[in-house]
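A.B. asks: Numbering (the numbering used here), first residue to last: 99 to 285.
Quick one: the structure is below, questions incoming.
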Amino acid sequence: GLPAGKSVAASLFEQVFDLGMIVVLAAFGAILLAPVLTPFIAGFLLLVLACTIFFLRRPHMVPDRFHVADLLQILRSPLAVRLSTLSLGMYLLTAARAFIVAIPAGIALLPADFFASFSLVQLSRLIAITPMGLGVADWTWASVLRLLDLPLALAAGFVLLNRSLDLIATLAAFAMSVVLDFVVRRS
99 GLPAGKSVAA SLFEQVFDLG MIVVLAAFGA ILLAPVLTPF IAGFLLLVLA CTIFFLRRPH
159 MVPDRFHVAD LLQILRSPLA VRLSTLSLGM YLLTAARAFI VAIPAGIALL PADFFASFSL
219 VQLSRLIAIT PMGLGVADWT WASVLRLLDL PLALAAGFVL LNRSLDLIAT LAAFAMSVVL
279 DFVVRRS
C-alpha cells in the first residue's frame, strides 16, 4: 500500500548499512593485501564520503519520491547506530563462519589476511550478476587465496566446501520457513 518511491527508499535504506560496511571493510582489506593501492582507495573513499555529505546537506537535489527527508531523520537517530551495529555483527559472524570453514579445508592464513580476503569476496558479491554471487564470489575467493600463495587446488577445495555449506544453510532455512508457515497457518 505504500507509494512506489517510498518502497524503493525503504529498500535502499535497508541496504545502505550492509553496503557501507562491506565497502569500508573491503577498502581496508585491499589496503592490507596490496598497500600500493592505498592512495587510490583512500581517494575513492574520500570521494564517496564527499558525495554522500554533499547530497545529505542538499536533500532538495534528490527527487522527492525517494523521501530523503525521512531517511535523513532516521540517519540522525539512534536507530542508525543500532542498524550499523547489526550490519557489523552480521558481517563479523559471516566472516567468522568462513574462517572456521577454512580450517578443515586446510587454509592456514593469519586471521588478518583471511578477513582482508573475505572483505574483497563480499564486495565481489555486490557486483555479481548471479544468485548468491555464484561463480563471481568463488572466482574471487580462488584468486585472492592464490594471491596469498596458496595452491589453487587448496583454494578450490575451500571454495567448494564453503559454497556447499552456503547451499545447505539456504535449503535448511527454506525448509524451516515452510514448516513454520505450515504450523502458523494451522494454528
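Note that the Cβ used here is the ideal one computed from N, Cα and C, for glycine as well.
Owing to the predicted nature of the structure, the values given are computational and were not obtained by experimental measurement.
Is it true that the CB of L221 sits closer than 9 Å to the CB of I120?
C.D. replies: Yes. Within cutoff.
A.B. asks: For L181 versus F115, is the C-beta spacing smaller than 9 Å?
C.D. replies: Yes, these two residues count as a Cβ contact at 9 Å.
A.B. asks: Go ahead and pull the three-state DSSP assignment for V236.
C.D. replies: Sequence inspection shows Asp at residue 236; the Val mentioned does not correspond to that position. Of the three classes helix, strand and coil, the one that applies to D236 here is helix, per DSSP.
A.B. asks: Quick test of your reading: A128 and L135, contact by CB under 8 Å. State the CB separation rounded to the nearest angstrom.
C.D. replies: Yes, they are in contact, since the Cβ atoms of A128 and L135 sit about 6 Å apart, within 8 Å.
A.B. asks: Helix, strand or coil: how does DSSP classify R174 here?
C.D. replies: The answer is coil: DSSP assigns R174 none of H, G, I, E or B.
A.B. asks: Count Cβ pairs between the region 228 to 237 and the region 197 to 212 that sit closer than 8 Å; are there 3 or more?
C.D. replies: The region 228 to 237, when compared against the region 197 to 212, does not touch it at the 8 Å Cβ threshold.
A.B. asks: Check whether the region 233 to 247 touches the region 255 to 274, counting contact only when three or more Cβ pairs, one atom from each stretch, lie closer than 8 Å.
C.D. replies: Yes, the region 233 to 247 touches the region 255 to 274.
A.B. asks: Can you tell me the Cα-Cα spacing of L246 and P209, whole angstroms?
C.D. replies: Going from the Cα of L246 to the Cα of P209 covers about 13 Å.
A.B. asks: Starting from the C-beta of Y189, find all residues in its chain whose C-beta is less than 8 Å away, skip the five residues before and the five after it, and write them out in chain order.
C.D. replies: So the list reads D116, M119, I120, L123 and Q220, once near-sequence residues are dropped.
A.B. asks: Taking the alpha helix (DSSP H) that G306 falls in, what are its first and last residues?
C.D. replies: Nothing about residue 306 can be read from this structure; the chain reaches only from 99 to 285.
A.B. asks: Just checking my contact of S262 with L243 at CB under 8 Å: how many whole Å lie between their CB atoms?
C.D. replies: No, S262 and L243 are not in contact; Cβ-Cβ is about 17 Å, not under 8 Å.
A.B. asks: Compare the Cα-Cα distances from I198 to each of A132, L184 and F213 and report the closest residue.
C.D. replies: Minimum Cα distance to I198 is reached at F213.
A.B. asks: On the criterion of 16 or more Cβ atoms from any shown chain inside 10 Å, does A200 qualify as buried, or is it exposed?
C.D. replies: Buried is the call here.
A.B. asks: Under the three-state reduction of DSSP, which class applies to I201: helix, strand or coil?
C.D. replies: Here I201 sits in coil by DSSP.
A.B. asks: Applying the criterion that 16 or more other CB atoms from any shown protein chain within 10 Å of the CB defines a buried residue, is A125 buried or exposed?
C.D. replies: A125 should be labelled buried.
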